[in-house]
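Numbering (UniProt numbering), first residue to last: 1 to 149.
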């Protein structure tokens with residue numbers, strides 16, 4: 001289990017960066033300026049350069065990927081209820097997202113921005129969770145039908 005945990009963390013790190021780059025590409029395309037907006041101006045100001053800001057943001061994207069990668073093993077804890085697994089995974093993910101968001105300047109450290117970030121995370125999390133749940137029920141129905149025959 002330890003080997004699998006570390007493997008998922010290591011695989012999650014580049015995946016987190018990749019997702020962050022795709023999000024930045026989407027934001028850049030939506031802005032319509034023709035510039036690649038990898039980091040925000042606040043982080044550039046805080047670090048003193050675009051390279052410094054890109055390095056900080058990339059490290060935080062690696063942390064997010066690592067947390068989600070490692071936390072994905074929670075779903076294999078069959079002795080935990082689905083509700084407990086969901087809650088633990090959600091808290092780890094949302095907590096990491098808010099921390100990274102504040103440190104990278106994606107969100108301001110105000111109650112309104114933190115709540116809005118958590119609500120956005122909750123909405124995305126809920127959609128993904130529901131799709132995964134439906135997919136698993138479909139797979140289980142297929143397995144059960146095979147077992148009956």
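For each residue, glycine too, the CB sits at the ideal point set by N, CA and C.
Using only the alpha-carbon positions, how far apart do residue i and residue j sit?
i           : j           : result
residue 14  : residue 85  : 24 Å
residue 142 : residue 68  : 29 Å
residue 138 : residue 123 : 23 Å
residue 136 : residue 91  : 22 Å
residue 25  : residue 87  : 31 Å
residue 114 : residue 97  : 10 Å
residue 40  : residue 51  : 12 Å
residue 131 : residue 35  : 34 Å
residue 140 : residue 78  : 15 Å
residue 144 : residue 62  : 39 Å
For residue i and residue j, which I take to be in contact (beta-carbon distance under 8 Å), what is that distance rounded to the nearest angstrom?
i          : j         : result
residue 70 : residue 5 : 6 Å
residue 72 : residue 8 : 6 Å
Does residue i pass the burial test, meaning 16 or more other C-beta atoms within 10 Å, or should it be called exposed?
i           : result
residue 100 : buried
residue 38  : buried
Spatial neighbours of residue i within its chain, please: C-beta separation below 8 Å, excluding the five flanking residues on both sides.
i          : result
residue 58 : 17, 20
Report all residues from its chain with a CB closer than 6 Å to the CB of residue i; omit the five preceding and five following residues, and keep chain order.
i           : result
residue 121 : 94, 97
Can you find the residues in the same chain that come closer than 7 Å, C-beta to C-beta, to residue i, ignoring five residues on each side of it along the sequence?
i          : result
residue 42 : 105
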